[in-house]
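*Asks:*
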Ligand SMILES: [Zn+2]
């Protein structure tokens, strides 16, 4: 029954597309509404942080690697292991620390390596993509912390970049 097989395929495609739209819609609504509700700034920052760590990789996996999105999502999530380099720092956790250019696997030199990974075959390019998304998430966190409390980040190694981005966001 070729007619029904192709119909089924069409319906499936439609469902997949509407799912992608739903994921996008819900996450945008979530971010916008948390902002409008004027929840505590730290809370908004935490919500955005976890959305970027957990939700964004799913959206990217689904939109760009649809045939294989579950595996790609898992690889993207696994790149969070890059934070194991925090174990080398003393203290291991510090609330107002900006990871960028501080921890060894978060330095600008190593990030250049992550960019190179984008040009390698799978799964290396997905690992590189995940690592770069992770760096953007951490950087976004630094900028949000800076906007709330510039003096909190007065001694971070990525201060110049964070200051420049904070100014760009404000203007
Ligand atoms: Zn990190």
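Numbering (this note's numbering), first residue to last: 81 to 251. Glycine is no exception: its CB is placed at the ideal position from the N, C-alpha and C atoms.
State whether the region 170-183 contacts the region 195-209, with contact taken as three or more CB pairs (one from each stretch) at a distance under 8 Å.
*Replies:* no
*Asks:* Taking the straight line between their C-alpha atoms, what separation do you get for residue 186 and residue 90?
*Replies:* Indexing the chain shown from 1 puts residue 186 at position 106. Indexing the chain shown from 1 puts residue 90 at position 10. Roughly 44 Å between the two C-alpha positions.
*Asks:* Determine whether the beta carbon atoms of residue 233 and residue 239 lie at a separation below 8 Å.
*Replies:* By 1-based counting over the chain shown, the position of residue 233 is 153. By 1-based counting over the chain shown, the position of residue 239 is 159. Yes, they are a contact pair.
*Asks:* Please write down, chain order preserved, every residue whose beta carbon lies under 5 Å from a heavy atom of ligand 1.
*Replies:* 163, 179 and 218
*Asks:* Rank 196, 206 and 223 by C-alpha distance to the C-alpha of residue 249 and give the top, closest one.
*Replies:* Stepping through the chain shown from its first residue, residue 249 is reached at position 169. Taking only the C-alpha atoms, the option nearest residue 249 is 223.
*Asks:* From which residue to which residue does the alpha helix (DSSP H) around residue 158 run?
*Replies:* In the chain shown, residue 158 corresponds to position 78, counting from 1. That run of the alpha helix (DSSP H) goes 149-158.
*Asks:* Tell me whether residue 195 is buried or exposed, calling it buried when 16 or more other Cβ atoms sit within 10 Å of its Cβ.
*Replies:* The residue given as residue 195 occupies position 115 in the chain shown. Result: exposed.
*Asks:* Does the separation of the CB atoms of residue 130 and residue 141 fall below 8 Å?
*Replies:* Position 50 of the chain shown holds residue 130. Position 61 of the chain shown holds residue 141. Not closer than 8 Å, so no.
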